[in-house]
Structures are given as structure tokens and as C-alpha cells.
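Mapping of the sequence shown onto this note's numbering: position 233 corresponds to residue 239, and the numbering continues sequentially without gaps. Cβ atoms here follow ideal geometry from the backbone N, Cα and C, with glycine treated the same way. Beneath this line is the structure, given in C-alpha cells, with notes to follow.
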Amino acid sequence: MLRLMNSLSFRSTFSLVFAAAVVSGLGDGLIPIAFALQAHRVDPSGRGLTVVLIALWAGRFVSSLVVRKLPPPHRPVTWMLGSDVVRMLAQWGLVAWVVARGDSIAAFALSSCVYGCASSFFGPARFSLLSQLFSDEQRTRVNGTLSMLGDVLFIAGPLIGTAAVLTLGFNTVLLIDGATFLVAMLFVLPFLSVRREPAGENSNSAAAEPGPDSAGSSSPNEPLTSPTLPSWVRVGLGTWLVAAVVNGFLGSAGPTWIMNTFDEKSWGFMATALAVGSLLGSAATILKALDRVRFSTLQILMLILLAGQILALAFSSVFVLIAAVGAAASLLMTAAGIAWDSLGQSLGDDGLVHQFATKDQLVFTAGTPLGMILFAALSSHPGVAAVALAAALVVAAVASFLPVARSPRTADMAEGAVPL
Numbered sequence: 007m008l009r010l011m012n013s014l015s016f017r018s019t020f021s022l023v024f025a026a027a028v029v030s031g032l033g034d035g036l037i038p039i040a041f042a043l044q045a046h047r048v049d050p051s052g053r054g055l056t057v058v059l060i061a062l063w064a065g066r067f068v069s070s071l072v073v074r075k076l077p078p079p080h081r082p083v084t085w086m087l088g089s090d091v092v093r094m095l096a097q098w099g100l101v102a103w104v105v106a107r108g109d110s111i112a113a114f115a116l117s118s119c120v121y122g123c124a125s126s127f128f129g130p131a132r133f134s135l136l137s138q139l140f141s142d143e144q145r146t147r148v149n150g151t152l153s154m155l156g157d158v159l160f161i162a163g164p165l166i167g168t169a170a171v172l173t174l175g176f177n178t179v180l181l182i183d184g185a186t187f188l189v190a191m192l193f194v195l196p197f198l199s200v201r202r203e204p205a206g207e208n209s210n211s212a213a214a215e216p217g218p219d220s221a222g223s224s225s226p227n228e229p230l231t232s233p234t235l236p237s238w239v240r241v242g243l244g245t246w247l248v249a250a251v252v253n254g255f256l257g258s259a260g261p262t263w264i265m266n267t268f269d270e271k272s273w274g275f276m277a278t279a280l281a282v283g284s285l286l287g288s289a290a291t292i293l294k295a296l297d298r299v300r301f302s303t304l305q306i307l308m309l310i311l312l313a314g315q316i317l318a319l320a321f322s323s324v325f326v327l328i329a330a331v332g333a334a335a336s337l338l339m340t341a342a343g344i345a346w347d348s349l350g351q352s353l354g355d356d357g358l359v360h361q362f363a364t365k366d367q368l369v370f371t372a373g374t375p376l377g378m379i380l381f382a383a384l385s386s387h388p389g390v391a392a393v394a395l396a397a398a399l400v401v402a403a404v405a406s407f408l409p410v411a412r413s414p415r416t417a418d419m420a421e422g423a424v425p426l
């Protein structure tokens, strides 16, 4: 494997990665609110926006299934560049359509679907690139910083996006978003030479010290078995699926229940509390305050607090309690997510890292919209829905207590002790 950090310092390498994330994140922050405002102008009923969101998630889900079946990219940056080019063309192509034919929900949906398809290639490629660029000890800091950046852009995105659409117009915002992909590509181009190891080089020790029976015990006709993810990863994927479904449910139920129980301003305060909790989780990770805590322990606490959050939303009329539990759940979800990513990037084998990234992406791509659908189906029975989902979270937490779910700690990465 070529390690670019042999020729670039950690500071230089991370600066390029961070700059690309800032530029790309600023563009991404504009788009959700831009499409929401423009789709509402075309179809005030909200059905148009629903169609656009379904198209986006459908594109992500289908392409996630495709990516999961593909081998790890030989050069991760090529996938990232290809994804950025397609998403840039999707935005600029929509501008051309709107200028020539006018606004159309069908055109919005097609552009969103293409955008979603391309985005599924970007995530696993970036995940693989980070695993190769940075050492085990550096990854937690890198992932924590990128998570904190995402939190800041999540807060600023709607404000910037609303101002941009109202002052510059929908078409200009799409052009700007496309341009951010172009700039981000320039920042990752220096990493184009980073590649994964050929399959035959993954186990140097085994190749260097063949056993006495190795010549006769293997045959060129025997199929190569693909590496298997550790048991704690498989259990973790299942518990993250439950969390993703609940997150998708809360994405719709949260603002609805808060505004129905209190008022519109209260949802703004609640969203801020969730963002602050996530920021604190990122900060705790960067400061290595949780390095000695196992991911599985963080996951258990997060699942329990997430159950408390959904029950508080459904049954409590004390806003401070709801916000406090939500912020704590958000803190632990961010901390657990960073630990999860850092451990996944430290699995060593490129095939395992690719499996981890693609399955993780599929879990969230499938779970989040499923939660939204559950809210739509159970919106007339909020209490039943909250209790059922809380029970599912408790079951997932119990599963995380099992010996097979026992994960390493991020501190183990620096000690070279991450078990497979």
C-alpha cells in the first residue's frame, strides 16, 4: 500500500482532507433547504418534496446494494472523483433543464436520484482513503474533527441555504454546489496515487513463513475465501440498524411532536440541543476522553438514552427533560459513531475495511427512510410507536451486552491490539 503520509506530514495531509470536507460540506449544506424551498414553490402541498426525497433515498439505497457487491477500489480517490463529477453534472444538468423548460418536480426527482446514486460511491471510498492516509492513533482525532465540522455545517447549513436561495436564487445555488465539487476534487487529487494492497500482499508474514505442507495443501483451483468481519462488527451493524430506524422516525416525529406539544420556537431550541450534544461528543473524542471506553459500552448507553428520548418525546410535557435526554443521546451517538468508524478503519485488511464501509452505509441508507415510513404509518398511534421502538432499542442494548458483541477500545488501536 502506498502511504502518502510518508511524503506529507500529518498536518499537510489532514489540511487537504479538512479543506475538501469544508468545501464539500458548505455545498451540501445549501442543497436540502434549496430543494425544500423550490419544491414547495412548485407544489405547496408537500407531495412534490416527498417525491424528491423518495427519489434521493431510492438512488442511495439501490446504488448501496451495487457498491456492496463491488471489490474495494484499487485507488479510492478515483471513486471519489467519479462521484463528485456525477453529482456536479446532476446539479448543473438540472440548472440547464430549469432554464430551458422551467421548474419541474420530475426533473428535481431525477436529479436527486442521480445525486443519491453517486453519493453511495463516495462514502466507502473516503472511508477507505482515511484508513490508508492516517495511522491507527491518528484516526480517532481525524474522525472526531470531521464529525465536529459536520455538526457545525449542519447548524449553519439551513441558515446559509435559506439566505442563498432568497438572495441568489435556486439556479445560482445549484451552480455554486456544483462548483464546490470541482474545488473539492482539486484538494483530493494529491491522494490519487494512494492505492490498496494487491490481494497477495495482505499477509506478508504468511508468505514469508510458509508451513511445511503449504506446497501440497493448496491448489490453484481452490476458491479464495473472502475475509469475514469480526463478530462485534456484525452485532454492531444490527444495533446500528435499530438506531438508524429510530433516527429516521425521530427525524419526522421530533419536530411534529415538539411543535404539537409546545410551539415552533421550541423545535429550534430542541434542534440546537441535539447539535450541541453532538458537538460535545465530537469534542470528547478529539480530547481522547473516551478512548478507554469500549465502543460496545458507548453503544449500550446510546441505545438506552435513545429509548429515553423517544419515550420523553411521546409522553413528557417537560421540555427541559426532553432536550436534556436528547442532547445526551446525541452526544453518545456521535461518540459511538466516531469510535465505530475508527475501529472499522483499523481492521487492516482492505477487503474488510471495504465490507465494513459498504455494509455500514447500507444499514443507514435502509434504516433512515424505513423510520420515516414507520412514522407515516403509525402517526395516529404515537404512544404505541414510541413504546415499540423503545422496546426494540432495549433489545438491541441487551444484544450489545453479549460476549460476541464485546468490541475493542479505540485506545487499543495505538497499541496494535485491535482483534479480528
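Subject >> From A40, L311, D366, residue whose alpha carbon lies closest to that of G244 >> reply: With distances taken between Cα atoms, G244 lies closest to D366.
Original post:
Is the Cβ-Cβ distance between A333 and V400 less than 8 Å?
Top reply: No, these two residues do not count as a Cβ contact at 8 Å.
**OP:** May I ask which residues mark the beginning and end of the alpha helix (DSSP H) holding S385?
**Re:** Run containing S385: none; DSSP gives neither H nor E here.
Original post:
Would you call V239 buried or exposed, if buried means 16 or more other Cβ atoms sit within 10 Å of its Cβ?
Top reply: Within 10 angstroms of the beta-carbon of V239 lie 16 or more other beta-carbons, which makes it buried.
**OP:** Tell me the start and end of each unbroken alpha helix (DSSP H) in the segment 317–358 that is at least 4 residues and wholly inside, in chain order.
**Re:** You should have 325–351.
Subject >> the segment 92–99 contacting the segment 38–58, beta-carbon criterion three pairs below 8 Å >> reply: Three or more Cβ pairs closer than 8 Å define a contact, and the segment 92–99 falls short of that threshold against the segment 38–58.
Original post:
What is the DSSP secondary structure of R300, counted as helix, strand or coil?
Top reply: DSSP places R300 in strand when its eight states are reduced to three.
Original post:
How big is the Cα-Cα spacing for S336 and W346?
Top reply: Rounded to whole angstroms, the gap between the alpha carbons of S336 and W346 is 15 Å.
Subject >> Exposure label - L304; buried when at least 16 CB within 10 Å >> reply: Label assigned to L304: buried.
Original post:
A295 to L195, Cα distance in whole Å?
Top reply: Those two C-alpha atoms are separated by around 34 Å.
**OP:** Put R81 into one of helix, strand or coil per three-state DSSP.
**Re:** Reduced to three states, the DSSP call for R81 is coil.
Original post:
Are the CB atoms of S323 and T374 nearer to each other than 8 Å?
Top reply: No, the Cβ-Cβ distance between S323 and T374 is not below 8 Å.
Subject >> Same chain only: Cβ atoms within 8 Å of A398, ignoring 5 sequence neighbours per side >> reply: Closer than 8 Å at the Cβ level, and outside the excluded window around A398, lie V248, V251, V252.
**OP:** Can you check DSSP and say which residues form a bridge with R415?
**Re:** For R415, the beta-bridge partners assigned by DSSP are R300.
Subject >> Euclidean distance between Cα positions of V393 and L317 >> reply: Between V393 and L317, the alpha-carbon positions lie close to 7 Å from each other.
Original post:
How is V248 classed by DSSP in three states: helix, strand or coil?
Top reply: Residue state, collapsed to three classes: helix.
**OP:** Determine, using beta carbons only, whether D297 and T173 come nearer to each other than 8 Å.
**Re:** No, Cβ-Cβ distance for D297 and T173 is not below 8 Å.
Original post:
Are the segment 152–164 and the segment 109–121 touching by the rule of at least three beta carbon pairs closer than 8 Å?
Top reply: They do not touch, by the three-pair rule.
Original post:
Which term fits T278, buried or exposed, when burial requires 16 or more other beta carbons within 10 angstroms of its beta carbon?
Top reply: With fewer than 16 other Cβ atoms within 10 Å, it is exposed.
Original post:
So does the segment 177–187 actually touch the segment 377–386, counting three or more Cβ pairs closer than 8 Å?
Top reply: The answer is no - the segment 377–386 does not touch the segment 177–187, with fewer than three Cβ pairs under 8 Å.
Original post:
What three-state label does DSSP hand T234 in the structure shown?
Top reply: In the structure shown, T234 sits in coil (DSSP, three-state: anything other than H, G, I, E or B).
Original post:
Under three-state DSSP, which class holds P50?
Top reply: If DSSP states are grouped into helix, strand and coil, P50 belongs with coil.
Subject >> Option in A169, G389, L395 with minimal Cα separation from L376 >> reply: Checked all of A169, G389, L395; the closest Cα to L376 is L395.
**OP:** Note the first and the last residue of the continuous alpha helix (DSSP H) segment covering V410.
**Re:** No alpha helix (DSSP H) contains V410, which DSSP labels as neither H nor E.
Subject >> Cut-off 8 Å between Cβ atoms - residues of its own chain near C119, not counting five sequence neighbours on either side >> reply: So the qualifying residues of the chain are A61, L62, A64, G65.
Subject >> Simplified DSSP state of K294, which is helix, strand or coil >> reply: Coil.
**OP:** Could you name the residues of the same chain whose beta carbon sits closer than 8 Å to that of R412, not counting the 5 residues immediately before and after it, in chain order?
**Re:** W238, R300, S302.
Original post:
Quick one: what's got a C-beta closer than 6 Å to A402's C-beta in the same chain, skipping five residues either side?
Top reply: Sequence-distant Cβ neighbours of A402 in its own chain, meaning closer than 6 Å and more than five residues away, are T245, V248, L309.
Original post:
Beta carbon of D355, beta carbon of M191: below 8 Å?
Top reply: Not a contact, by the Cβ cut-off of 8 Å.
Original post:
Which word fits R17, buried or exposed, when buried means at least 16 other C-beta atoms lie within 10 angstroms of its C-beta?
Top reply: R17 should be labelled exposed.
**OP:** Give me the Cβ distance between F325 and S272, rounded to the nearest whole Å; I'm assuming they're in contact under 8 Å.
**Re:** The C-beta distance from F325 to S272 rounds to 6 Å, short enough to fall under 8 Å.
Subject >> F370 versus R74 - alpha carbon distance >> reply: F370 and R74 have their C-alpha atoms spaced approximately 13 Å apart.
**OP:** Give the DSSP-derived three-state secondary structure of S175 in the structure shown.
**Re:** Strictly speaking, residue 175 in this sequence is Gly, with Ser absent from that position. In the three-state scheme derived from DSSP, where H, G and I count as helix and E and B as strand, G175 is classed as coil.
**OP:** Could you spell out where the alpha helix (DSSP H) holding L195 opens and where it closes?
**Re:** L195: not part of any alpha helix (DSSP H); DSSP gives it neither H nor E.
**OP:** Classify G287 as helix, strand or coil using the three-state DSSP reduction.
**Re:** In the three-state reduction of the DSSP assignment, G287 falls in the helix class, which pools H, G and I.
Original post:
When we look at the beta-carbon of F5 and count the other beta-carbons within 10 Å, is it buried (16 or more) or exposed?
Top reply: Missing from the structure shown is residue 5; the chain here goes from 7 to 426 and no further.
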